[in-house]
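A.B. asks: Dumping the structure here so I can ask a few things about it.
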């Protein structure tokens, strides 16, 4: 009986030692919120007394920290400065990084070098700055400045008045 | 007399059992040696972190030989989100509250990042000869990180596995 008792106690001791290790796991962390913004500033003092050649008509400042994002510009007058029924057609619209201000995210596509091709049939252009799973952005775009320039012909014979084009811009993030 | 002779073996047998019980092992106290942990999920990664509590641990132990606590960092002391990461620039272990067994040494500004030295594991050994129990002794890990300005959006995390073992 005593031997049984000793065996049992030894067994308890062994179990106690075997079970003497205790583990747990924690996950610690936090969130970096999505930044996805674009600010646009239009020029209201364009000189239509002479032809325009790569004249800045608007400037945009972009901030984004998602893997993918795109920007769409939609031209209300389909690429024309209008005043009632009078129009001054925009012959070419280009995008550039202007004064090279700010930082374009690593991995992003370059701005298009060609005319955006805004016509009476195509009133918008989308720049896929970064595409998740493809040309993915791996560091944030910070205060990246995009300059929009335009060409137009001499409009000295056009009717007097304020000629305007309205550009609606949208930035879309892809997480 | 004859009766005594008959009962003598029985008497001796009882004596043996009584004496042998004195030398038998008495049941030990139940071993208590456990650790509970809690991580912080709401770290503010919109700015640099300075001595931010990232996790705390509650220890109870009555091991006669003390205890060891092993911290294993799945991401080598970095908060990660896919391929993006926010490295900890400092990581220290401190006492918060509770009672550490007498004879053991409390953690005080232990530079865990330095101890890791690029590895993923650090073992805190407060000592091996406690003379009293450790009761609800709370320690915490505090971390620094640089301003994550320009980091990609998303949830950044580190996973810490903690193991307590009896001291050897």
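Protein chains in written order, with our numbering: chain A, 1 to 175; chain B, 1001 to 1168. Glycine is no exception: its CB is placed at the ideal position from the N, C-alpha and C atoms. None of the values given here were measured: they were computed from a predicted structure.
What distance in whole Å lies between the Cβ atoms of residue 1138 of chain B and residue 1096 of chain B, which are believed to be in contact at a cut-off of 8 Å?
C.D. replies: Walking along the second chain from the start, residue 1096 of chain B turns up at place 96. Walking along the second chain from the start, residue 1138 of chain B turns up at place 138. Indeed, because the Cβ distance is near 4 Å, the residues count as touching under 8 Å.
A.B. asks: Tell me residue 163 of chain A's beta-bridge partners as DSSP assigns them.
C.D. replies: Looking up residue 163 of chain A in the first chain gives position 163. According to DSSP, which records beta bridges pairwise, residue 163 of chain A is partnered with nothing at all.
A.B. asks: Relative to the C-alpha of residue 1150 of chain B, which residue among A:144, A:154 and A:153 is closest?
C.D. replies: Stepping through the second chain from its first residue, residue 1150 of chain B is reached at position 150. Looking at the Cα atoms, A:144 is the closest of the given residues.
A.B. asks: So residue 1041 of chain B contacts chain A; which residues on that side make the cut at Cβ distance below 8 Å?
C.D. replies: In the second chain, the residue the question calls residue 1041 of chain B occupies position 41. Those are 27, 28, 29 and 30, listed as they occur along chain A.
A.B. asks: Could you tell me whether the region 153 to 171 of chain A touches the region 23 to 42 of chain A, using the rule of 3 or more Cβ pairs below 8 Å?
C.D. replies: At 8 Å Cβ cutoff, the stretches touch.
A.B. asks: Counting beta carbon pairs with one atom in the region 104 to 111 of chain A and one in the region 134 to 153 of chain A, are three or more of them shorter than 8 Å?
C.D. replies: yes
A.B. asks: Do you know how far the Cα of residue 1062 of chain B is from the Cα of residue 1021 of chain B?
C.D. replies: The sequence position of residue 1021 of chain B within the second chain is 21, counting from 1. The sequence position of residue 1062 of chain B within the second chain is 62, counting from 1. Legend: pLDDT at residue 1021 of chain B = 48, less than 50; position of this residue unreliable, no value from coordinates given.
A.B. asks: Among the residues of its own chain, which have a CB less than 6 Å from the CB of residue 53 of chain A, if the five just before and after it don't count?
C.D. replies: Residue numbering aside, residue 53 of chain A sits at position 53 when the first chain is read from its first letter. Take residue 53 of chain A, set aside five residues on each side of it, and the residues of its chain with a beta-carbon closer than 6 Å to its own are 151, in chain order.
A.B. asks: Identify, in the order they occur along the chain, each residue of the same chain with its Cβ nearer than 8 Å to the Cβ of residue 1023 of chain B, setting aside the five sequence neighbours on each side.
C.D. replies: For the purposes of this step, residue 1023 of chain B is taken as the residue at position 23 of the second chain. With a pLDDT of 48 at residue 1023 of chain B, under the threshold of 50, the modelled position of that residue is not reliable, and the figure given next carries that caveat. Same-chain partners within the cutoff: there are none.
A.B. asks: Rounded to the nearest angstrom, what separates residue 1075 of chain B and residue 1120 of chain B at their Cα positions?
C.D. replies: In the second chain, the residue the question calls residue 1075 of chain B occupies position 75. In the second chain, the residue the question calls residue 1120 of chain B occupies position 120. Rounded to whole angstroms, residue 1075 of chain B to residue 1120 of chain B spans 7 Å at the Cα level.
A.B. asks: Can you give me the C-alpha to C-alpha distance between residue 36 of chain A and residue 1044 of chain B, rounded to a whole angstrom?
C.D. replies: In the first chain, residue 36 of chain A corresponds to position 36, counting from 1. In the second chain, residue 1044 of chain B corresponds to position 44, counting from 1. Approximately 19 Å between the Cα atoms of the pair.
A.B. asks: Say whether chain B places a C-beta atom closer than 8 Å to the C-beta of residue 104 of chain A.
C.D. replies: Position 104 of the first chain, counting from 1, holds the residue named residue 104 of chain A. No, residue 104 of chain A does not count as interfacial toward chain B.
A.B. asks: Among residues of its own chain, excluding the 5 on either side of residue 55 of chain A, which ones have a beta-carbon nearer than 7 Å to its beta-carbon?
C.D. replies: Your numbering for residue 55 of chain A matches position 55 in the first chain. Result list for residue 55 of chain A: 46, 149 and 150, in chain order.
A.B. asks: Taking Cβ-Cβ distances shorter than 8 Å, what residues in chain B pair up with residue 139 of chain A?
C.D. replies: In the first chain, residue 139 of chain A corresponds to position 139, counting from 1. Under the 8 Å cutoff, chain B gives 1150, 1151 and 1152.
A.B. asks: Going by C-alpha distance, which of B:1124, B:1029, B:1086 and B:1099 is nearest residue 1060 of chain B?
C.D. replies: In the second chain, residue 1060 of chain B corresponds to position 60, counting from 1. Cα-wise, what sits closest to residue 1060 of chain B is B:1099.
A.B. asks: What does residue 142 of chain A reach in chain B if we use C-beta pairs closer than 7 Å?
C.D. replies: The residue you call residue 142 of chain A lines up with position 142 of the first chain. The answer, in chain order, is 1150.
A.B. asks: With 8 Å as the threshold, decide whether the Cβ of residue 133 of chain A is near any Cβ in chain B.
C.D. replies: The residue you call residue 133 of chain A lines up with position 133 of the first chain. Interface flag for residue 133 of chain A against chain B is unset, since no Cβ pair is found closer than 8 Å.
A.B. asks: Can you pull the chain B residues whose beta carbon is under 8 Å from the beta carbon of residue 67 of chain A, in chain order?
C.D. replies: By one-based count along the first chain, residue 67 of chain A stands at place 67. Within chain B, the residues near residue 67 of chain A are 1152.
A.B. asks: Using 8 Å as the threshold, is the C-beta distance between residue 60 of chain A and residue 158 of chain A below it?
C.D. replies: Here the question's residue 60 of chain A lines up with position 60 in the first chain. Here the question's residue 158 of chain A lines up with position 158 in the first chain. Not in contact: residue 60 of chain A and residue 158 of chain A (Cβ atoms no closer than 8 Å).
A.B. asks: Taking the DSSP output, what are the residues bridged to residue 1104 of chain B?
C.D. replies: Locating residue 1104 of chain B in the second chain gives position 104, where the first residue counts as 1. Paired residue(s): none; residue 1104 of chain B is not in a bridge.
A.B. asks: In or out: residue 1093 of chain B buried (at least 16 other Cβ within 10 Å) or exposed?
C.D. replies: Here residue 1093 of chain B corresponds to residue number 93 of the second chain, with the count starting at 1. With 16 or more other Cβ atoms from the protein chains shown falling within 10 Å of its own Cβ, residue 1093 of chain B counts as buried.
A.B. asks: May I ask you to list the residues that DSSP assigns as paired with residue 59 of chain A?
C.D. replies: Your numbering for residue 59 of chain A matches position 59 in the first chain. Residue 59 of chain A pairs with A:41 and A:147.
A.B. asks: Is there at least one Cβ from chain A nearer than 8 Å to residue 1134 of chain B's Cβ?
C.D. replies: Translated into positions along the second chain, residue 1134 of chain B becomes position 134. Cβ-Cβ to chain A under 8 Å: no for residue 1134 of chain B.
A.B. asks: Alpha carbon to alpha carbon, what distance is there between residue 73 of chain A and residue 147 of chain A?
C.D. replies: For this step, residue 147 of chain A is matched to residue 147 along the first chain. For this step, residue 73 of chain A is matched to residue 73 along the first chain. Taking the straight line joining both Cα atoms gives about 12 Å.
A.B. asks: Let me check understanding here. Comparing Cα to Cα, which of B:1082, B:1109 and B:1072 lies closest to residue 1090 of chain B?
C.D. replies: Locating residue 1090 of chain B in the second chain gives position 90, where the first residue counts as 1. The shortest CA-to-CA distance from residue 1090 of chain B to any of B:1082, B:1109 and B:1072 is the one to B:1109.
A.B. asks: Which term fits residue 68 of chain A, buried or exposed, when burial requires 16 or more other beta carbons within 10 angstroms of its beta carbon?
C.D. replies: By 1-based counting over the first chain, the position of residue 68 of chain A is 68. Result: buried.
A.B. asks: To which residues of the same chain is residue 63 of chain A closer than 7 Å at the C-beta, ignoring the five residues directly before and after it?
C.D. replies: Along the first chain, one-based indexing puts residue 63 of chain A at 63. Only residues of its own chain outside the window of five on either side were considered, and among them 35, 37, 141, 142 and 143 have a CB closer than 7 Å to the CB of residue 63 of chain A, listed in chain order.
A.B. asks: I want to check one thing, is the minimum distance from the CB of residue 1090 of chain B to the heavy atoms of the ligand FMN below 7 Å?
C.D. replies: In the structure shown, the ligand FMN is absent, as is every other ligand, since no ligand is present at all.
A.B. asks: Within 10 angstroms of its Cβ, does residue 1077 of chain B collect 16 or more other Cβ (buried), or is it exposed?
C.D. replies: Translated into positions along the second chain, residue 1077 of chain B becomes position 77. Residue 1077 of chain B should be labelled buried.
A.B. asks: What does residue 1162 of chain B reach in chain A if we use C-beta pairs closer than 8 Å?
C.D. replies: Taking the first residue of the second chain as 1, we reach residue 1162 of chain B at position 162. Going along chain A in sequence order, the residues near residue 1162 of chain B (Cβ under 8 Å) are 23, 24, 25 and 26.
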